[in-house]
Amino acid sequence: MTTGDEALAAAGVDAYLACESRQQPNWPDGEALASAVAKLKQVPPLVFAGEADVLRGHLAAAGRGEAFVLQGGDCAEIFSEATADRIRNKIKTILQMAVVLTYGASTPIVKIGRMAGQYAKPRSSDLETRDGVTLPAYRGDIVNSSAFTEESRIPNPQRLVDAYHVSASTLNLIRAFTTGGFADLRRVHQWNRGFAANPAYAAYDQVAGEIDRAVRFMSAAGGDFEALKTVEFFSSHEALLLDYERALTRIDSRSGLPYDCSGHFLWVGERTRQMDGAHVAFMSKIHNPIGVKLGPASTAADAVALAERLNPNNIPGRLTFVARMGADKVRNVLPGLVEGVRDAGVFVTWLSDPMHGNTFTSESGYKTRHFDTILDEVKGFFDVHHDLGTVPGGIHVELTGDDVTEVMGGTAEIDDEGLAKRYETKVDPRLNHEQSLELAFLVSELLSQ
Ligand code: PEP
Ligand code: MN
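Numbering (the numbering used here), first residue to last: -13 to 435.
This is the structure in structure tokens:
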């Protein structure tokens, strides 16, 4: 891999500079920004292009129904929360979900964390007002701090460099946990048994018992458990801050092609997916597998145009569409998009993000979502694909491994009053550990039908 600006420029990665770039911070200090970007151009890549290629193959399989994607993690990672405990809890939760989903899908689960780089947030308003005081909005730890003071909200380019280092240490621990014995299938399965043994979750005990019998059968039949001691785990984030993404883009020495080495999978958000915008222009030049979020206002023509632009050679696994329609719209809006894409003959992998179309403010003032609505959107996503004979490729969810109270409902029946107990997110509400496992059991049931 080389960092040479010349080779990257020759590959056209800077064409995005001529396009309108939405949702970028107003960095107050151009010199500090230039110095941070220069540093980032020198640091080692966080991921290897070959790993991104492997993921592309897995995503292609998911698009054919031969694998199923579980993408999950925080809405916004926080530097101070990149601790061993929190990272472990998140990985543990995703691994537990993956085992349950494997059983329902009878296919491999492609595990992708919204982790090790999910630090930049698009905002619907540049400003935030609290108790009559108006300050610049929090744009994620890579830009400013969420503390509500004037000083904290000033964009600080040093944070770009900090984001790289925190991503590196997070990714290091992810690699340790997923290859060092922690992820052993039998261990993960025992955690699930513990969860389902709780009388409150008795509804899931049958499936946990079935998985137990399957594991014992494999063991008796001489299954290779050594190979199941490690798992593949990929990193992803929204490619929002173009200064950061461009600075971590490298030429792959094997192919001579540019890859954004800040993460394996990068996606463009609903707010920055304009065809003539800088984000689409940038993403069109990197060779990672990439995603685009599609909200309820998307049309089939938008989807097809994005596919032609972002995946002109129609490479399977290169492009994933993440539908975030809202439970009340998914059954009406998604069929047209899926049909349009199918009829155009373009290859995409479809994921459901059942979180972002279902956000509301509770009576007590918390930004929240309801567990039942989230599940309903996933069901709608499956129904649409079932009716059209197309493939539901996976889910994309906001979750944490901790016992927070941010999403209402679930078996624990978190209500409006309950939200106050442990509401920690700085941006969007996340499923907690138990809600995440419940969702996995319920989606597993949908997959096995
Ligand atoms: C997100 O994934 O946190 C996000 C901002 O999503 P969207 O672009 O779908 O609104
Ligand atoms: Mn979010």
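Where is the CB? At the ideal position from N, CA and C, for every residue including glycine.
Tell me whether residue i is buried or exposed, calling it buried when 16 or more other Cβ atoms sit within 10 Å of its Cβ.
i, result
"R442", "Outside the shown range of the chain, which is -13 to 435, sits residue 442, and nothing can be said about it."
"I301", "exposed"
"A(-5)", "exposed"
"Q28", "exposed"
"G166", "exposed"
"Q373", "The question names Gln, yet the displayed sequence has Asp at residue 373. Exposed, because fewer than 16 other Cβ atoms sit within 10 Å of the Cβ of D373."
"N299", "exposed"
"K407", "exposed"
"G126", "buried"
Beta carbon of residue i, beta carbon of residue j: below 8 angstroms?
i, j, result
"L252", "S222", "yes"
"L226", "G255", "yes"
"L87", "S430", "yes"
"L41", "F168", "no"
"V413", "T235", "no"
"E515", "V316", "Within the shown structure, residues of the chain are numbered from -13 to 435, placing residue 515 beyond reach of any answer."
"L323", "T79", "no"
"G326", "A286", "yes"
"L337", "G380", "yes"
What are the residues that DSSP puts in a beta bridge with residue i?
i, result
"Y245", "R236"
"P415", "The partner list for P415 (beta bridge, DSSP) is empty, contrary to what the question assumes."
"L252", "H223 and I276"
"P282", "DSSP, once it has assigned bridges, lists no residue as partnering P282."
"H356", "M394"
"S338", "A309 and I381"
"I95", "F54"
Going by C-alpha distance, which of the options is nearest residue i?
i, options, result
"R259", "Y2, G103, V377 and I80", "Y2"
"V23", "E114, K353, A233 and A47", "A233"
"S111", "G103, A123 and V33", "A123"
"P378", "E114, I95 and A106", "I95"
"K365", "D314, D389 and E392", "D314"
"R173", "V152, I197 and G396", "I197"
"A293", "I381, V152 and T306", "T306"
"A264", "Y230, A(-3), A(-7) and R8", "R8"
Please report the straight-line C-alpha distance between residue i and residue j, rounded to a whole angstrom.
i, j, result
"C5", "I272", "16 angstroms"
"E349", "I160", "38 angstroms"
"F65", "R109", "19 angstroms"
"P31", "Y245", "10 angstroms"
"R72", "C61", "14 angstroms"
"T69", "G277", "28 angstroms"
"K25", "G(-10)", "13 angstroms"
"P141", "E114", "15 angstroms"
"V332", "R50", "13 angstroms"
"K215", "Y352", "40 angstroms"
"R145", "A183", "44 angstroms"
"V393", "E17", "42 angstroms"
Relative to the ligand COA, is the shortest distance from any of its heavy atoms to the C-beta of residue i smaller than 7 angstroms?
i, result
"K215", "In the structure shown, the ligand COA is absent; the only ligands present are the ligand PEP and the ligand MN."
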